[in-house]
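Using mature numbering (1 follows the signal peptide of the UniProt record, and there is no 0), the letters of the sequence shown map in sequence onto residues -20 to -1, 1 to 518. We put the beta carbon where it would ideally sit given N, CA and C, even for glycine.
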Amino acid sequence: MTFSYFSLLALVLVLPRSFGHRQGTIGPVGDLVISNGEVSPDGFRRWAVLVNSQIDNTLIRGNKGDKFRINVVNELGNNTFEESTSIHWHGLFQKGTAWADGPAFVNQCPIVTGDSFLYSFDSANQAGTFWYHSHLTTQYCDGLRGPFIIYDPHDPHAHLYDIDDDSTSILTLSDWYDQPARLLGLPTGSNSTLINGLGRRTETPTHDLAVVKVKKGTRYRIRMINLGCEASFRFSIDNHTMTIIEVDGINHVPYTVDQIDIFSGQRYSFVLNANQKVGSYWIRANPSVGPRGYEGGINSAILRYKGADNAEPDTVAIPSKLPMNETQLVPLENPGAPGSPERGGVDVALNLAFNVTSGPTGGERFTINGVSFSPPTTPVLLQILSGAQDPKHLLPNGSIYSLPLNSTVEISMPGGVRNESHPFHLHGHTFDVVRSANSTVYNYKNPVRRDVVDTGHTDDNVTIRFTTDNPGPWFLHCHIDWHLEAGFAVVFAEATKKWNDTIHPTRMSSSSSRPGIILTSHIEDQWDQLCPKYNDTL
């Protein structure tokens, strides 16, 4: 039975600081109702997976230090799609709450249709631009995704901008397909690009586009998120520069560019100074695959100054003079990679060999060190909580890597598999990119810090470092969702002996930190019942 008790709490909640309102905003306490419905974001009507009756745009928001209580209610009922679900809160570390991280068959069993599950976790010291999405098969490609913003009342970059507004400052980019994702195999491009949930196709040149409204002389913090399943985007705004101040939830030293390449799962905050003449300007997001260019307004949105008419822009794209270079991004606080400033100067060094091969039933499978990840029937977290410790005894066999607590780790990843870029995401951590794609330089002093990195092309050897300070099972996987579905992943079992002491849901209090609010749901019982309920559907 589904339930929604949060409406009863609405009158007593203190919401995060208020800016402009974005339709469908919840948080830090609220319901995400997952259902099926018809949408036509680019002029082509199709069935999709909706979050609170829309795709891409339901915002979760809160303040730094907030405790989030997000109740996911599964009302899916179209068997063309996956009918179970699970939700990942991308970029949130989930310290002490790995059971709430979301990946199906790693951290939990899926939530079956007709059921609900309360995700309860702290934002702790994190603030910035995050997002949420389904982490079961390729479900998020059909619309189950959205922005997740944690505001910092003491943002060190606040003096650089005037507005950080829910209705103006959030910019989502995504690829959109005519068919349900599970029917597409390994696609080679979408049918359209959506910006804030709207886009065009060559067949729909008059369809509505997203409009970002600004006032001349005002500086805006724009929070850009690539919600896509496959495409990276080359992003620019005609006649304007962008000063990057945040990368994947981490503050960085201001860096001014006029073009940003953003891969699936990545986020950038930049300051946009509305300092041009009053008018309308094209916002451009050219995808790496799928229909390219801007004819008829495809791959586009509109930046419109107050006082401009409603006509579409007549501005023209010009070659970039200040393209973003990842190696120029420097963390604002505590720069420097862990370990010694030399190759292999860490406690644990792993070289991951990537390949693609034919699967046993046809189709392509990706492998890491010769093994293709196949979801186990019992989640990795539950296996270890039940007593298994040795990676040789954990399933899926060959895809679990044990990492000791409080160790420095270096991961090297080759580029060019299948002649494509592959954005790799690590759960539970950010990492320092000591060698970036398209570079042979190793930077240990002040490398970019993020949680998704492009592994580049054939001659690249992207290398990242992090410290194992967060016990739990953490996925490392390609964020092209069809590639993950085809096995392009491993799991790091971090500090397994600490799991029973730190991350079982029984360790979570059932009481909210907000005075007067008692959560009636028993998190332990809910989590323990996910697998039996899911297994009953098989």
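Residue i - partner residues in DSSP beta bridges
| i | result |
| --- | --- |
| His405 | Val432 and His457 |
| His113 | His68 and Arg125 |
| Arg199 | Asn253 |
| Val237 | Met222 |
| Lys477 | DSSP, once it has assigned bridges, lists no residue as partnering Lys477. |
| Tyr248 | Met204 and Val227 |
| Glu344 | Ser338 |
| Gln88 | Ala84 |
| Met393 | Val442 |
| His232 | Pro311 |
| Asp102 | Lys47 |
| Arg398 | None, per the DSSP bridge assignment. |
| Pro303 | Gln239 |
| Tyr285 | Val194 |
Whole-number beta carbon distance between residue j and residue i, since they are thought to touch under 8 Å
| i | j | result |
| --- | --- | --- |
| Ser379 | Phe411 | Contact flag wrong, Cβ pair sits at about 19 Å. |
| Trp454 | Gly408 | 4 Å |
| Ser96 | Asn58 | That belief does not hold up - the Cβ atoms of Ser96 and Asn58 are roughly 18 Å apart, past 8 Å. |
| Leu153 | Phe213 | 5 Å |
| Met222 | Phe250 | 4 Å |
| Ile263 | Ser280 | 6 Å |
| Val29 | Leu124 | 4 Å |
| Tyr141 | Arg201 | 4 Å |
| His232 | Pro311 | 6 Å |
| Ala254 | Val194 | 4 Å |
Minimum C-alpha distance to residue i - residue among the options
| i | options | result |
| --- | --- | --- |
| Asn32 | Arg26, Phe48, Leu56 and Pro185 | Leu56 |
| Ala473 | Gln369, Arg415 and Met222 | Gln369 |
| residue 529 | Gly169, Thr148, Lys257 and Ile150 | A question about residue 529 goes unanswered here, because the residues of the chain that appear run from -20 up to 518. |
| Gln88 | Ala161, Thr448 and Pro485 | Pro485 |
| Ala333 | Asp327, Pro321 and Val351 | Val351 |
| Gly277 | Gly325, Ile67, Trp462 and Arg181 | Arg181 |
| Asp46 | Phe101, Asp11, Ile35 and Trp479 | Phe101 |
| Gln256 | Pro83, Ile217 and Thr186 | Ile217 |
| Ala469 | Arg345, Glu504, Asp146 and Gly23 | Arg345 |
| Asp440 | Ser401, Thr476 and Gly467 | Ser401 |
| Trp111 | Ile205, Asn349 and Asp238 | Ile205 |
| Lys44 | Lys286, Val86 and Pro8 | Pro8 |
| Gly343 | Asp505, Val328, Pro234 and His463 | His463 |
| Ile391 | Glu465, Val328, Asp11 and Ile35 | Val328 |
| Leu365 | Val389, Ala475 and Asn349 | Ala475 |
| Leu252 | Asp481, Val269, Val258 and Gly197 | Gly197 |
| Thr186 | Glu275, Thr295, Val326 and Gly367 | Glu275 |
| Leu12 | Ala466, Pro127 and Met393 | Pro127 |
| Thr295 | Thr448, His220, Glu62 and Pro303 | His220 |
| Ile6 | Ile129, Ser114 and Glu504 | Ile129 |
| Thr448 | Gly208, Lys478, His457 and Val258 | Lys478 |
Assigned exposure category for residue i - 16 Cβ within 10 Å defines buried
| i | result |
| --- | --- |
| Ser(-14) | Only weak support is given to the placement of Ser(-14): the predicted model assigns it a pLDDT of 38, under 50, and the question is left unresolved by the model. |
| Pro495 | Summary for Pro495: the model assigns pLDDT 31, below 50, so the residue's position carries little reliability, and this model does not support an answer. |
| Pro167 | buried |
| Glu322 | exposed |
| His373 | exposed |
| Pro512 | exposed |
| His442 | Position check: residue 442 holds Val in this sequence, whereas His was assumed. Buried: at least 16 other Cβ atoms inside 10 Å. |
| Thr357 | exposed |
| Ala291 | exposed |
| Gly273 | exposed |
| Pro376 | buried |
| Asn515 | exposed |
| Asn266 | buried |
| Thr65 | buried |
| Gln159 | exposed |
| residue 519 | No statement about residue 519 is possible, as the shown extent of the chain runs from -20 to 518 and does not include it. |
| Arg25 | exposed |
| Ser20 | exposed |
| Asp122 | buried |
| Val360 | buried |
| Leu499 | Residue placement at Leu499 cannot be trusted, given a pLDDT of 36 that sits under 50; the coordinates are not used to answer. |
| Pro355 | buried |
| Thr60 | exposed |
| Asn171 | buried |
| Thr347 | buried |
| Pro340 | exposed |
Residue-level contact to chain C via CB, residue i, 8 Å cutoff
| i | result |
| --- | --- |
| Leu72 | Among the protein chains of the structure shown there is no chain C, as only one such chain exists. |
heavy atom of the ligand ZN below 7 Å from residue i C-beta
| i | result |
| --- | --- |
| Gly395 | With respect to the ligand ZN, the structure offers nothing, as it holds no ligand at all. |
Segment contact, 8 Å Cβ cut-off, at least three pairs: the region 71 to 80 with the region 102 to 114: Taking 8 Å as the limit for Cβ pairs, the verdict is that the region 102 to 114 does touch the region 71 to 80.
Three or more C-beta pairs under 8 Å: does that hold for the region 435 to 449 against the region 35 to 44? Touching, no.
The region 223 to 230 / the region 131 to 147 touching (three or more Cβ pairs under 8 Å): Flag = yes, the region 223 to 230 and the region 131 to 147 touch.
Counting Cβ pairs closer than 8 Å, one from the region 414 to 424 and one from the region 305 to 323, do we hit at least three? Three or more Cβ pairs closer than 8 Å define a contact, and the region 414 to 424 meets that threshold against the region 305 to 323.
contact_flag[the region 317 to 324, the region 422 to 431] where n(CB pairs < 8 Å) is 3 or more: Per the Cβ contact rule, the region 317 to 324 is in contact with the region 422 to 431 (3 or more Cβ pairs under 8 Å).
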